[in-house]
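Novice: Quick mapping for you: the protein sequence lines, in order, are chains W and B. Take 3 as the starting number for the first sequence in the numbering used here and just add one per residue. Take 277 as the starting number for the second sequence in the numbering used here and just add one per residue. Yeah, the Cβ is synthetic: ideal placement off N, Cα and C, and Gly gets one too.
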Amino acid sequence: MNASRVHAVLAAGLQDPLLVVRWEEDPQHLLAYGIDPSTVDLIALRKFAGLTAKVRHNGLRHSLPLTFRLLNVAGLEIEVFSAYAAFCAGHGGGYAPTTEERTRNLIAFLDEWLDRGCREHVLLWDLIRHEDALARLAKTPPPRETPVARRLTTSSVLRVCGQLELYEMGSDPRAAGEILRDTRPVLSRIPFGAFRFGYWRPEATDELRIVDLDEFAIAALSLVDGARSVADLSAALAGRRRPSRRFLSLLAQLGEAGMLGT
Amino acid sequence: MRPWVGLAYGPGMRQLVVSNPGLVDYIEVPFEQLRHTPEVAAIQETIPLILHCASLSLAGFLPPSDATIEAVAAEAARTGTPWIGEHLAFFSAEGLDEHGATSTSLTYTVCPQLSEETVERVAENLVRLRPHFRMPLILENSPQYFAIPGSTMNMVDFIRAVARRADNGLLLDLSHFLVTSLNTGVDALEEIARMPLERVVEVHISGLNRQSGIVWDDHATPASPAVFDLLERVLRSARPRAITFEYNWSATFPRATLLEHLSRARRMFAAA
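#1: Thinking Leu-372 (chain B) and Ala-14 (chain W) are a contact (beta carbons under 8 Å), I'd like their distance in whole angstroms, please.
#2: Going by beta-carbon coordinates alone, are Thr-385 (chain B) and Phe-366 (chain B) separated by less than 8 Å?
#3: Since Glu-304 (chain B) sits in a beta bridge, which residues does DSSP pair it with?
#4: Under the DSSP definition of a beta bridge, which residues are partnered with Met-431 (chain B)?
#5: Kindly indicate if chain W contains any beta-carbon less than 8 Å away from that of Ser-526 (chain B).
#6: Along the alpha helix (DSSP H) that carries Gly-15 (chain W), what are the first and last residues, could you check?
#7: Does Ser-251 (chain W) get closer than 8 Å to chain B when you measure Cβ to Cβ?
#8: Can you give the Cα-Cα distance for Ala-496 (chain B) and Trp-525 (chain B), rounded to whole angstroms?
#9: Please identify the residue among W:Trp-202, W:Pro-187, W:Ser-158 whose C-alpha is closest to the C-alpha of Asp-234 (chain W).
#10: Tell me whether the region 163–173 of chain W and the region 193–210 of chain W touch, counting them as touching only if at least three CB pairs, one residue from each stretch, are closer than 8 Å.
#11: At what residue ranges does the region 433–491 of chain B contain a whole run of the beta strand (DSSP E), taking only runs of 3 or more?
#12: Would you please state the rounded distance, in angstroms, between the beta carbons of Asn-485 (chain B) and Asn-4 (chain W)? I believe it to be under 8 Å.
#13: How would you call Glu-346 (chain B), buried or exposed, if buried means at least 16 neighbouring beta carbons within 10 angstroms?
#14: Are the C-beta atoms of Arg-118 (chain W) and some chain C residue less than 8 Å apart?
#15: Going along the chain, which residues of the region 486–518 of chain B sit with their C-beta nearer than 9 Å to a C-beta in chain W?
#16: In angstroms, rounded to a whole number, what distance separates the CA positions of Gly-361 (chain B) and Gly-96 (chain W)?
#17: Using a threshold of 8 Å, state whether the C-beta atoms of Ala-284 (chain B) and Phe-521 (chain B) are closer than that.
#18: Compute the Euclidean distance between the alpha carbons of Pro-388 (chain B) and Thr-394 (chain B), then round it to the nearest angstrom.
#19: Of all the CB atoms in chain B, is at least one closer than 8 Å to the CB of Leu-47 (chain W)?
#20: At which residues does the alpha helix (DSSP H) containing Gly-164 (chain W) begin and terminate?
#21: Could you have a look at Ile-424 (chain B) and say whether DSSP puts it in helix, strand or coil?
#22: Any residues in the region 89–102 of chain W with a beta carbon nearer than 9 Å to a beta carbon of chain B? Which ones, in chain order?
#23: Tell me the DSSP bridge mates of Thr-380 (chain B)?
#24: When you compare only the Cα positions, how much space is there between Met-429 (chain B) and Ala-399 (chain B)?
#25: For His-93 (chain W), is the classification buried or exposed, using 16 other Cβ atoms within 10 angstroms of its Cβ as the cut-off for buried?
#26: Just the Cα atoms here: how many angstroms apart are Leu-292 (chain B) and His-328 (chain B)?
#27: By how many angstroms is the C-alpha of Gly-36 (chain W) removed from the C-alpha of Phe-337 (chain B)?
#28: Let's see if you can read the secondary structure: which residues bound the beta strand (DSSP E) around Arg-543 (chain B)?
#29: For Glu-48 (chain W), does the three-state DSSP call read helix, strand or coil?
#30: Buried or exposed: which applies to Gly-356 (chain B), given that a residue is buried once 16 or more other Cβ atoms fall within 10 Å of its Cβ?
#31: Please list the partners that Ser-391 (chain B) has in chain W, where partner means a Cβ-to-Cβ separation under 8 Å.
#32: Tell me the DSSP secondary structure of Ala-196 (chain W) in three-state form.
#33: Which value, in whole angstroms, describes the spacing of the CA atoms of Val-432 (chain B) and Pro-143 (chain W)?
#34: Are the CB atoms of Val-438 (chain B) and Leu-507 (chain B) nearer to each other than 8 Å?
#35: With C-beta atoms as the reference, is Val-477 (chain B) less than 8 Å away from Pro-516 (chain B)?
#36: Where Val-510 (chain B) and Ser-418 (chain B) are concerned, what is the direct C-alpha to C-alpha distance, given to the nearest angstrom?
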């Protein structure tokens, strides 16, 4: 087989992994290029495209070290990035120019692609959001100070003090991080369950906190927008404008912690 | 002459060499990085540079542009590199008709067809390219991840044929060599003994990583003991002038391991 033609096929397949998918579906396409389909390992070619996509995302390792460690340890690197390379090829090809955009695009892809029934995929989804949230919040300039709620009434309008991002996860990425730092991490030791976190950068500090939340707290915090009153929040959560004692107590606790202000 | 020990340029390397004078003898910098981020060249004020390159498509059938050749030559002259390490690979090829493109250009190199036709092509490319450079081009073996259609020889036979035909020096990437051996089912130690080791000018070392049924080159993980076994075998019959650790994909590469591997290489050189 003509070497120049072989190189042309390999290069085209690496540049556009969707082309390889087409060749897999109908290997006869390759005959038109003078290539015997039985001599081309198309699956390996797609995987190689995944390696090159992975290398193009090395810049993300700085803010997502544990995510890349997990990809490596769980044997997901090539699987994830070969799927991502094909996805990107189907969306015009190429990758975003900045690390931040590449991270955002990769997370958006994973949100669609990951199998939530697969343990390693759940770990990956939790860990990448964890590290991304920490990286982004660390870059956010401390916002202005908001007065903390002293005494709440039903008409009090609440706002989050600082930057807060809420996540529901199937594992605890802090525990996963500890295990991934081992020389030989045992992923089965990572506890699974329902975890809810607030990734919070309080006002006027460089500190970042990960706050454990319960179902009620995360639901309440997700509604706090600086426009709705306590009565509005109660109506949205419980269907009645008069807040329950439990709800008021929760808001008071969050206020005392400095997370909510008026 | 004492062999040099160096590091491939990557995140954190500038800080490392500035704060640890004498730790390494040089930094190996890709031409492509100098071309796109010229400020990287400032590291030369601290430490000598060796130029690496992935733009000449030595085993390819489409020549690089004159502008690229001139730019490589200019960087080589400016850095004062003693040689230019270039991949025995291709990064561009003819376009496929259905794409309507006249060529396909990648941003990385690909293992070529291992055949007499490619051997001849490499030799022709070298004849054409050498006059542009004041220093030698040395050829780096590719990692082979799968069988290349139409190949008529294995990697070692291909390198032997190229080295003989083109009478050229080699950059022996031991991790690529081990990756290729594992993926093609040959014994790496037996194969390395068949290499024209007397032509080896520089050695590359990095990690490797088995994922999805294939062994891959990996500059984010430390070299395995098998890579050091190969280095030991090379040093029994060759005196490379330099050894470069390519631990340049991750800013979080374990520093203690990097330091241990540098000193291990110096010890191995001293004992050889």
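Specialist: On the basis of the coordinates in this document:
#1: To locate residue 372 (chain B), count along the second sequence from 1; it is residue 96. To locate residue 14 (chain W), count along the first sequence from 1; it is residue 12. Indeed they touch by this definition, with Cβ atoms about 5 Å apart.
#2: For the purposes of this step, residue 385 (chain B) is taken as the residue at position 109 of the second sequence. For the purposes of this step, residue 366 (chain B) is taken as the residue at position 90 of the second sequence. Yes, these two residues count as a Cβ contact at 8 Å.
#3: Taking the first residue of the second sequence as position 1, residue 304 (chain B) is located at position 28. DSSP, once it has assigned bridges, lists B:Ala-284, B:Ile-326 as partnering Glu-304 (chain B).
#4: Locating residue 431 (chain B) in the second sequence gives position 155, counting from the first residue. None, per the DSSP bridge assignment.
#5: Here residue 526 (chain B) refers to the residue found at position 250 of the second sequence. So, interface residue.
#6: For this step, residue 15 (chain W) is matched to residue 13 along the first sequence. Segment 5–17, the alpha helix (DSSP H) holding Gly-15 (chain W).
#7: Locating residue 251 (chain W) in the first sequence gives position 249, where the first residue counts as 1. So, not an interface residue.
#8: Here residue 496 (chain B) refers to the residue found at position 220 when the second sequence is read from its first residue. Here residue 525 (chain B) refers to the residue found at position 249 when the second sequence is read from its first residue. Using only the alpha carbons, I get a separation of about 5 Å.
#9: One-based indexing of the first sequence puts residue 234 (chain W) at position 232. Checked all of W:Trp-202, W:Pro-187, W:Ser-158; the closest Cα to Asp-234 (chain W) is W:Ser-158.
#10: yes
#11: 446–449, 476–481, 483–487
#12: On the second sequence, residue 485 (chain B) is found 209 positions in, with the first residue counted as 1. On the first sequence, residue 4 (chain W) is found 2 positions in, with the first residue counted as 1. The Cβ separation is near 33 Å, so there is no contact.
#13: In the second sequence, the residue the question calls residue 346 (chain B) occupies position 70. By the neighbour-count rule (16 or more Cβ atoms within 10 Å), Glu-346 (chain B) is not buried but exposed.
#14: No chain C is present in this structure, whose protein chains are W and B.
#15: Arg-486, Gln-487, Ser-488, Gly-489, Ile-490, Trp-492, Asp-493, Asp-494, His-495, Ala-496, Thr-497
#16: For this step, residue 361 (chain B) is matched to residue 85 along the second sequence. For this step, residue 96 (chain W) is matched to residue 94 along the first sequence. Computed Cα separation, rounded: 27 Å.
#17: To locate residue 284 (chain B), count along the second sequence from 1; it is residue 8. To locate residue 521 (chain B), count along the second sequence from 1; it is residue 245. Contact flag set, yes.
#18: The count along the second sequence starts at 1 and reaches residue 388 (chain B) at position 112. The count along the second sequence starts at 1 and reaches residue 394 (chain B) at position 118. The alpha-carbon atoms of Pro-388 (chain B) and Thr-394 (chain B) are separated by roughly 7 Å.
#19: Stepping through the first sequence from its first residue, residue 47 (chain W) is reached at position 45. By this cut-off, Leu-47 (chain W) is an interface position.
#20: What you label residue 164 (chain W) is simply residue 162 of the first sequence in a count that begins at 1. Segment: none, Gly-164 (chain W) is in no alpha helix (DSSP H) and carries neither H nor E.
#21: The residue given as residue 424 (chain B) occupies position 148 in the second sequence. Ile-424 (chain B): coil per DSSP, three-state reduction.
#22: none
#23: Working through the second sequence from its first residue, we reach residue 380 (chain B) at position 104. According to DSSP, Thr-380 (chain B) bridges with B:Ala-369.
#24: Against the second sequence, residue 429 (chain B) aligns to sequence position 153. Against the second sequence, residue 399 (chain B) aligns to sequence position 123. Their backbone Cα atoms lie some 17 Å apart in a straight line.
#25: Counted from its first residue, the first sequence places residue 93 (chain W) at position 91. Its Cβ having fewer than 16 others within 10 Å, His-93 (chain W) is exposed.
#26: Translated into positions along the second sequence, residue 292 (chain B) becomes position 16. Translated into positions along the second sequence, residue 328 (chain B) becomes position 52. Looking at the two C-alpha atoms, the distance is approximately 20 Å.
#27: One-based indexing of the second sequence puts residue 337 (chain B) at position 61. One-based indexing of the first sequence puts residue 36 (chain W) at position 34. In a straight line, the C-alpha of Phe-337 (chain B) is about 16 Å away from that of Gly-36 (chain W).
#28: Taking the second sequence and counting its residues from 1, the one referred to as residue 543 (chain B) is at position 267. Careful: Arg-543 (chain B) lies outside any beta strand (DSSP E), inside the alpha helix (DSSP H) at 531–547.
#29: Residue numbering aside, residue 48 (chain W) sits at position 46 when the first sequence is read from its first letter. With the sequence shown as reference, residue 48 (chain W) is identified as Arg, and Glu is not the correct amino acid for it. It is helical.
#30: As a first step, residue 356 (chain B) must be located in the second sequence, where it is residue number 80. The residue is exposed, with fewer than 16 neighbouring Cβ atoms inside 10 Å.
#31: Start at 1 with the first residue of the second sequence, and residue 391 (chain B) comes out as number 115. Correct list: Ala-5.
#32: Here residue 196 (chain W) corresponds to residue number 194 of the first sequence, with the count starting at 1. DSSP places Ala-196 (chain W) in strand when its eight states are reduced to three.
#33: As a position in the second sequence, residue 432 (chain B) is number 156, starting the count at 1. As a position in the first sequence, residue 143 (chain W) is number 141, starting the count at 1. Approximately 56 Å, taken between the alpha carbons.
#34: Taking the first residue of the second sequence as position 1, residue 438 (chain B) is located at position 162. Taking the first residue of the second sequence as position 1, residue 507 (chain B) is located at position 231. Result no, Cβ atoms of Val-438 (chain B) and Leu-507 (chain B) do not sit closer than 8 Å.
#35: Counting from 1 along the second sequence, the entry for residue 477 (chain B) is found at position 201. Counting from 1 along the second sequence, the entry for residue 516 (chain B) is found at position 240. Yes, they are a contact pair.
#36: Within the second sequence, numbered from 1, the residue matching residue 510 (chain B) stands at position 234. Within the second sequence, numbered from 1, the residue matching residue 418 (chain B) stands at position 142. About 18 Å.
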